[in-house]
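Visitor: Dumping the structure here so I can ask a few things about it.
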Amino acid sequence: MIHKSPDLTRLFETLDATWPAAAVVDTGPWRLREGRGGGKRVSAATARDAWRVDDLTAAERAMRLMGQPPLFMIRNRDETLDIALESQDYARVDPTHIWLSPIEKLTDTKLPRVCAFSIWEPLAIMREIWEDGGIGAARQRVMDRAEGPKTGLFGRVSDRPAGAGFVAIHRGVAMVHALHILEEHRAKGLGGWMMRCAALWAQSKGASWIACAATEENTGATALYRSLQMQVAGRYHYRMLDTESETE
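So in full-length UniProt numbering, the last one in the sequence shown is 248, and the numbering has no gaps at all.
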C-alpha cells in the first residue's frame with residue numbers, strides 16, 4: 001500500500017529530526033541552530049515567521065555569538081529572504097535536492113548475501129569509511145543525537161569493507177544520511193544495495209517512505225537515486241556570508 005506522499009513541511013521536519021543540531025533556539029522570527037562542527041544543515045538559521053531587515057542583523061549577531069558565521073537555509077517558501085540576503089552579498093551555495101520514494105519500491109528485491117547490513121552501534125571500520133568521506137567525529141556525533149529508530153549501514157564488496165551510511169525515521173519517513181562508498185568500490189552497485197538495505201530495515205520499523213538529500217553537484221548520488229526511481233520532492237540551498245562557513 002502506498003501512503004499519501006509527505007509534504008515539504010514534513011520532509012524538512014524529518015531532516016531536522018534525523019540529523020539534529022546540538023542545540024536549537026527559537027527567537028523572534030528565526031530558528032537558530034548550533035552545529036558544533038556538524039556541517040551546514042545543523043548550523044543554518046531558518047525563518048519561522050515574518051521578519052524585517054533589522055531581524056537579519058539580530059540573527060547574524062546571534063550566530064556569531066554561537067561561534068558560527070552567518071548562514072541561512074533557503075527553502076521553497078523563502079523567496080523574499082533569498083532576495084534580501086543576495087542584496088547583502090550572501091553567496092548562494094550547495095543547491096540540494098530532497099529525493100523521495102515509497103518504501104515498497106526499494107523492498108521488492110532480496111539483498112545478496114553478505115552485501116549490506118544494518119548495524120547499530122557503528123563498527124570501527126564504518127567510522128573509518130565515514131572519515132574517508134569527510135564525515136568526521138563531529139558529524140558522527142550528529143548521528144548519536146538522533147532520537148527514535150535509527151541504524152548504521154555497512155556495505156561490503158568481494159568480502160571487503162566498502163561503504164557506510166546512516167538512516168533514521170521520523171513520522172514514517174526514513175531519511176538516509178552520510179552514505180559513502182570507498183572510491184575503489186564505486187560503480188559496482190553497492191550504493192543501490194545499501195539503499196535497499198536501509199529501506200528493508202525502515203519498513204520493518206513501520207516507515208512508509210524513504211528519502212535522502214544530495215547536492216546538485218553530486219552527480220554520483222543523482223545517478224544512484226534516479227536508478228532507484230526516486231523522485232525530487234523538494235529543494236533548498238544556503239545563503240552564506242563568510243567563505244569559511246562549514247561544508248554540507
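Backbone N, C-alpha and C fix where the C-beta goes; we use that ideal spot for every residue, glycine too.
Note that the coordinates shown come from a computational prediction; the quantities given were computed from them, not determined experimentally.
1) Checking 8 Å against the spacing of the C-beta atoms, do VAL173 and LYS150 come in under that value?
2) Taking the Cβ atom as the reference point for each residue, do HIS97 and GLU216 lie within a distance shorter than 8 Å?
3) For GLY35, which residues of its own chain have a beta-carbon under 7 Å away from its beta-carbon, when the five flanking residues on both sides are left out?
4) What are the boundary residues of the beta strand (DSSP E) that GLU34 is part of?
5) Within 10 angstroms of its Cβ, does SER118 collect 16 or more other Cβ (buried), or is it exposed?
6) With burial defined as no fewer than 16 other Cβ atoms inside 10 Å of the residue's Cβ, what is the status of GLY220: buried or exposed?
7) Hey, out of GLU131, ARG52, ALA178, ARG64, whose CA is closest to TRP19's CA?
8) Classify TRP51 as helix, strand or coil using the three-state DSSP reduction.
9) In the DSSP assignment, the alpha helix (DSSP H) including GLN203 goes from what residue to what residue?
10) Return the CA-CA distance between residue 253 and LEU8, expressed in angstroms with no decimal places.
11) Helix, strand or coil for ALA137, going by three-state DSSP, please let me know.
12) Terminal residues of the continuous beta strand (DSSP E) containing SER118?
13) Given a cut-off of 8 Å, decide if PRO102 and SER227 are closer than it, judged by their beta-carbon atoms.
14) Go ahead and pull the three-state DSSP assignment for ASP159.
15) Where SER204 and MET63 are concerned, what is the direct C-alpha to C-alpha distance, given to the nearest angstrom?
16) Alpha carbon to alpha carbon, how far is TYR236 from ARG139?
17) Quick one: complete alpha helix (DSSP H) runs, 4+ long, within the segment 90-129?
18) If contact is defined by three or more beta carbon pairs under 8 Å, each pair taking one atom from either stretch, is the segment 188-202 in contact with the segment 107-124?
19) In terms of residues, what are the limits of the alpha helix (DSSP H) holding residue 294?
20) What residues in its chain sit with their C-beta under 8 Å from that of ASP159, if we drop five residues either side in the sequence?
Guide: Quick answer:
1) no
2) yes
3) ALA21, ALA22, VAL42, SER43, GLN68, GLU246
4) 30-34
5) buried
6) exposed
7) ALA178
8) coil
9) 190-204
10) Since the first residue of the chain shown is 1 and the last is 248, residue 253 is not available in this structure.
11) helix
12) 116-119
13) no
14) coil
15) 40 Å
16) 20 Å
17) none
18) yes
19) In the structure as shown, the chain starts at 1 and stops at 248, and residue 294 therefore has no counterpart that could be examined.
20) VAL114
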